[in-house]
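Enquirer:
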Amino acid sequence: SQKIEQNSEALNIQEGKTATLTCNYTNYSPAYLQWYRQDPGRGPVFLLLIRENEKEKRKERLKVTFDTTLKQSLFHITASQPADSATYLCALAFSGYSTLTFGKGTMLLVSP
Amino acid sequence: DTEVTQTPKHLVMGMTNKKSLKCEQHMGHRAMYWYKQKAKKPPELMFVYSYEKLSINESVPSRFSPECPNSSLLNLHLHALQPEDSALYLCASSQVVSGASNQPQHFGDGTRLSIL
Numbered sequence: 486s487q488k489i490e491q492n493s494e495a496l497n498i499q500e501g502k503t504a505t506l507t508c509n510y511t512n513y514s515p516a517y518l519q520w521y522r523q524d525p526g527r528g529p530v531f532l533l534l535i536r537e538n539e540k541e542k543r544k545e546r547l548k549v550t551f552d553t554t555l556k557q558s559l560f561h562i563t564a565s566q567p568a569d570s571a572t573y574l575c576a577l578a579f580s581g582y583s584t585l586t587f588g589k590g591t592m593l594l595v596s597p
Numbered sequence: 019d020t021e022v023t024q025t026p027k028h029l030v031m032g033m034t035n036k037k038s039l040k041c042e043q044h045m046g047h048r049a050m051y052w053y054k055q056k057a058k059k060p061p062e063l064m065f066v067y068s069y070e071k072l073s074i075n076e077s078v079p080s081r082f083s084p085e086c087p088n089s090s091l092l093n094l095h096l097h098a099l100q101p102e103d104s105a106l107y108l109c110a111s112s113q114v115v116s117g118a119s120n121q122p123q124h125f126g127d128g129t130r131l132s133i134l
């Protein structure tokens, strides 16, 4: 069965540094991949979407890469700020399925 | 503020009670979803409605009963729940059903449900 892996340990970084979060999957490559941010007690908020034929997508301080050979997506936040502290979820959509499958998420903590 | 509104924000109920969760969106989205999320776990899909018709039921127990009265509203009726059903219940919407059309999902902030 399909498996999605995100770092279960929290990622601690200092303000101003670049945060890099990893999303790995097994078996089949998704048609596209989405990244969401979730704050405690709130619903996930959509950040970025990347298609299987795209290598990289950017939005302001955010960058997502997608490597179907490595079966991996990387999510980067440059010039990180304490306000970026949250849990980041990757979600995959596979050909033939009409729903998203979410990873467990990685908690990011940015200290001043 | 999110564009998907869920009420109530918190709900405490006994195992014999009947209650309903409500979700509303006015973005013209034609796909709506119910998810269940436990602490430190990802959202788990429960139901999908597409054009007001139930299209996916992820083998959810019958004590959860979804309803889509119109394209803007989604309800989840609860009856005879168990303590393990305590969780955050999230509603989401998208223009059409994700997966087929690369649409992001817009989530509400959920209802925190506690079963005594």
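Line by line, the protein sequences give chains A and B.
Start counting the first sequence at 486; every next residue gets the next number (this note's numbering).
Start counting the second sequence at 19; every next residue gets the next number (this note's numbering).
Backbone N, C-alpha and C define an ideal beta-carbon position, used for all residues, glycine too.
Counting C-beta neighbours from all protein chains within 10 Å, is the total for R522 of chain A 16 or more, i.e. buried, or is it exposed?
Expert: Stepping through the first sequence from its first residue, residue 522 of chain A is reached at position 37. Flag for R522 of chain A reads buried.
Enquirer: State yes or no: is the beta carbon of H124 of chain B nearer than 8 Å to at least one beta carbon in chain A?
Expert: Here residue 124 of chain B refers to the residue found at position 106 when the second sequence is read from its first residue. Output row for H124 of chain B: interface = yes.
Enquirer: Going by C-alpha distance, which of A:L547, A:L555, A:S570 is nearest T511 of chain A?
Expert: Taking the first sequence and counting its residues from 1, one reaches residue 511 of chain A at position 26. Considering only alpha carbons, the answer is A:L555.
Enquirer: What residue ranges within the stretch 532-561 of chain A form continuous alpha helix (DSSP H) runs of no fewer than 4 residues, ordered along the chain?
Expert: Those alpha helix (DSSP H) runs which fall completely within the stretch 532-561 of chain A and span 4+ residues do not exist here.
Enquirer: DSSP three-state label for A495 of chain A, please.
Expert: Counting from one through the first sequence, the residue named residue 495 of chain A turns up at place 10. Three-state result, A495 of chain A: coil.
Enquirer: At which residues does the beta strand (DSSP E) containing N512 of chain A begin and terminate?
Expert: In the first sequence, counting from the first residue as 1, residue 512 of chain A sits at position 27. Taken as a continuous stretch (DSSP letters only), N512 of chain A belongs to no beta strand (DSSP E), as it is neither H nor E.
Enquirer: When you compare only the Cα positions, how much space is there between Y107 of chain B and L131 of chain B?
Expert: The residue labelled residue 107 of chain B in the question sits at position 89 within the second sequence. The residue labelled residue 131 of chain B in the question sits at position 113 within the second sequence. Y107 of chain B and L131 of chain B: Cα-Cα distance of roughly 7 Å.
Enquirer: Pick helix, strand or coil for A578 of chain A, following the three-state DSSP scheme.
Expert: For the purposes of this step, residue 578 of chain A is taken as residue 93 along the first sequence, with counting starting at 1. If DSSP states are grouped into helix, strand and coil, A578 of chain A belongs with the strands.
Enquirer: Can you find a CB in chain A that lies within less than 8 Å of the CB of K40 of chain B?
Expert: Within the second sequence, residue 40 of chain B is the residue found at index 22, counting from 1. So no, K40 of chain B is outside the interface.
Enquirer: Closest to S493 of chain A by C-alpha separation, out of A:G588, A:V595, A:F560, would be which residue?
Expert: As a position in the first sequence, residue 493 of chain A is number 8, starting the count at 1. It is A:G588.
Enquirer: When you compare the stretch 496-504 of chain A with the stretch 547-565 of chain A, are there three or more beta-carbon pairs, one atom per stretch, that lie closer than 8 Å?
Expert: The stretch 496-504 of chain A, when compared against the stretch 547-565 of chain A, does touch it at the 8 Å Cβ threshold.
Enquirer: Assuming A105 of chain B is part of the beta strand (DSSP E), what are its boundary residues?
Expert: Within the second sequence, residue 105 of chain B is the residue found at index 87, counting from 1. First-last of the beta strand (DSSP E) with A105 of chain B: 105-112.
Enquirer: Quick check on M50 of chain B: buried or exposed, where buried means 16 or more other Cβ atoms within 10 Å of its Cβ?
Expert: Numbered from 1 along the second sequence, position 32 holds the residue referred to as residue 50 of chain B. With 16 or more Cβ atoms within 10 Å of its Cβ, M50 of chain B is classed as buried.
Enquirer: For M45 of chain B, count neighbouring C-beta atoms within 10 Å of its own C-beta (all shown protein chains included) and say buried if the count is 16 or more, exposed if not.
Expert: Sequence index remark: in the second sequence, residue 45 of chain B carries index 27 (1-based). That one is exposed.
Enquirer: Could you list the residues in the stretch 53-72 of chain B with a C-beta less than 7 Å from some C-beta on chain A, going in chain order?
Expert: Listed in sequence order: K59, P60, P61, L63, V66.
Enquirer: Return helix, strand or coil for E76 of chain B, following the three-state DSSP convention.
Expert: Counted from its first residue, the second sequence places residue 76 of chain B at position 58. Coil, per DSSP.
Enquirer: Please state the DSSP three-state secondary structure of K568 of chain A.
Expert: Counted from its first residue, the first sequence places residue 568 of chain A at position 83. Contrary to the premise, residue 568 of chain A reads as Ala rather than Lys in this sequence. In the structure shown, A568 of chain A sits in a helix (DSSP, three-state: H, G or I).
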